[in-house]
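Report on the following structure.
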Amino acid sequence: MFSQVEPGQVTGSLPQGQGGRITIEAETLQLLESGTVSASAFEGGTAGDIAIVSSGQVEIVGGDNGSSGVFAIGLGNGQAGNIELSAQQLRLASRGQISAATQTAVGGNVNLKLAESGVLRSASLISARAREGGSGGNVTIETGFLIGDTVSDGDIVASAINGSGGNIQISASGILGFAEGPSSLANGTNDIDASSQFGADGIVTIENPETDPSKGLVPLPENLSDLANQVAQSCGSANQLAANQFMVTGRGGLLPTPDVSLRARQLFADVGPVEPLQQPASSLVDNASPSPNLVVDSGIETPLLEAQEWTVNREGEIALIHSETTSNSRAALGHLYVSSCQRVSG
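Per our numbering, residue 140 is the first one in the sequence shown, and the count goes up by one each step.
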């Protein structure tokens, strides 16, 4: 697709010829295998402008037959045009180009608005450079992310030789793989270049998000803590009794100590009061009634009774007794005092 100003006569010092404007509106646009949209001007003419509006992706990929691209260039002393491109995504690869370069006049302006991303790969180029005596144009890029593959030689250039370099302004949430510096053919780096070889350099402005990812972070100490002062020195030695102790009790009892291997824990559960054991009638002798005595010398079995009191005798021994135990039996135990079992907890 071409819009071209052919060489013609020049009257005085006034340039002749104004190139036509090219406008493309599409959901997606692909320029592959030397596919080209071009607005150019020779001699004293002015190249037309190119406007591309896409609601999806613009993909420009070169091939074996040459570069693919969008060009608004000035040849000879022709004036370059301007390029405006709006899309969700832009992908340049294999010498794909967007160029508003000029030879001896002023370079055109390149304005890219990409909602999501712009990706440059394999010697791709965004250019508003000027060769010989011209001055570089301006490049403006607004995008979510600007990405250049490592060692892919993708460049963003507004440089000049004898004239002044153009300005490059990039506003993006993230810029990956690019660095500001002079570009050259096949140098293997992704460069942002607004320099001039013999004139004044242009200005490169990169706007990052206002949010500082490092804000609010706490720097970690470089030196580790001295663990020798954090652990008791007697741990594992014969002087363990001098160390502090920490014990946790619960339904499962005490937890294992550090020097005991892990094992299954048995949970203790309250099963309630113990009911008296009922003996069969055949076990009773001569229909004798059960004796509540604690000491049985006759060998006759007596039913088990739940202990309701406990006593301590003069020897310091503890005995559990039933409330129906006779005073004679208590006296025989030689108790010092009697207390209810309900007062004992835990």
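By construction, the Cβ of each residue, glycine as well, lies at the ideal position given by its N, Cα and C atoms.
Endpoints, beta strand (DSSP E) assigned at residue i
i, result
"Q236", "236 to 238"
"I314", "307 to 315"
"I295", "294 to 296"
"E456", "Careful: E456 lies outside any beta strand (DSSP E) and carries neither H nor E."
"Q143", "141 to 144"
"I490", "The chain is shown only over 140 to 485; residue 490 falls outside these bounds and no answer can be derived."
"L259", "249 to 259"
"L264", "264 to 266"
"T450", "448 to 452"
Cβ distance (whole Å) where residue i is taken to contact residue j below 8 Å
i, j, result
"Q218", "A180", "6 Å"
"A339", "G305", "With a Cβ gap of about 11 Å, A339 and G305 do not count as contacting."
"S238", "F210", "5 Å"
"E166", "S193", "7 Å"
"V278", "V249", "5 Å"
"S298", "S335", "6 Å"
"N221", "E182", "About 19 Å separates the two Cβ atoms, so there is no contact after all."
"L251", "I199", "Going by Cβ atoms, the distance from L251 to I199 rounds to 12 Å, so no, they are not a contact pair."
"S303", "G341", "7 Å"
"R270", "S291", "Wrong, their Cβ atoms sit about 24 Å apart, outside the cutoff."
"G156", "G184", "3 Å"
Residues near residue i in its chain [Cβ-Cβ closer than 6 Å; skip 5 each side]
i, result
"L324", "none"
"M140", "V176"
"F317", "G287, N329, I331"
"A190", "T162, E223"
"V296", "S266, R268, S322, D332"
"S142", "G158, G159, I161, A178, G187"
"N426", "Confidence in N426 is poor, its pLDDT being 48 and thus under 50, which makes the residue's placement unreliable; the coordinate value appears in the next sentence. For N426, where only same-chain residues beyond five positions count, there are no Cβ hits under 6 Å."
"G201", "S207, S233, R234, G235"
"L264", "Q236, D294"
"S274", "V245, A299, G302, S303"
"L423", "Note on L423: pLDDT 45, under 50, position unreliable in the model; the coordinate value appears next. For L423, where only same-chain residues beyond five positions count, there are no Cβ hits under 6 Å."
DSSP bridge partner residues for residue i (one or two, in chain order)
i, result
"N277", "N277 is not bridged to any residue."
"I286", "V258, L315"
"L168", "V197"
"Q157", "T185"
"V245", "S274"
7 Å CB neighbourhood of residue i in its chain, flanking five on each side removed
i, result
"I345", "I309, I314"
"S256", "Q228, T282, G283, F284, I286"
"G213", "A180, A186, A219, T241, Q242, A244"
"V343", "I307, E319, I331, A333"
"F337", "I300, N301"
"Q196", "T167, A226, Q227, Q228, R230"
"G272", "T243, N301, G302"
"N204", "E172, S173"
The ligand ZN heavy atom lying under 7 Å from the CB of residue i
i, result
"A318", "Judged by which ligands are present, the structure shown has none, so any question about the ligand ZN falls away."
Would you mind listing the beta strand (DSSP E) stretches within the stretch 171 to 234 that are 3+ residues and don't spill past its ends, in chain order? Counting whole runs of 3 or more residues, the stretch 171 to 234 contains the beta strand (DSSP E) stretches 175 to 180, 189 to 193, 196 to 200, 208 to 213, 222 to 232.
Going residue by residue through the stretch 318 to 351, where are the continuous beta strand (DSSP E) segments of at least 3 residues, counting only ones entirely within it? Counting only runs that start and end inside the stretch 318 to 351, the beta strand (DSSP E) elements of at least 3 residues fall at 330 to 332, 343 to 346.
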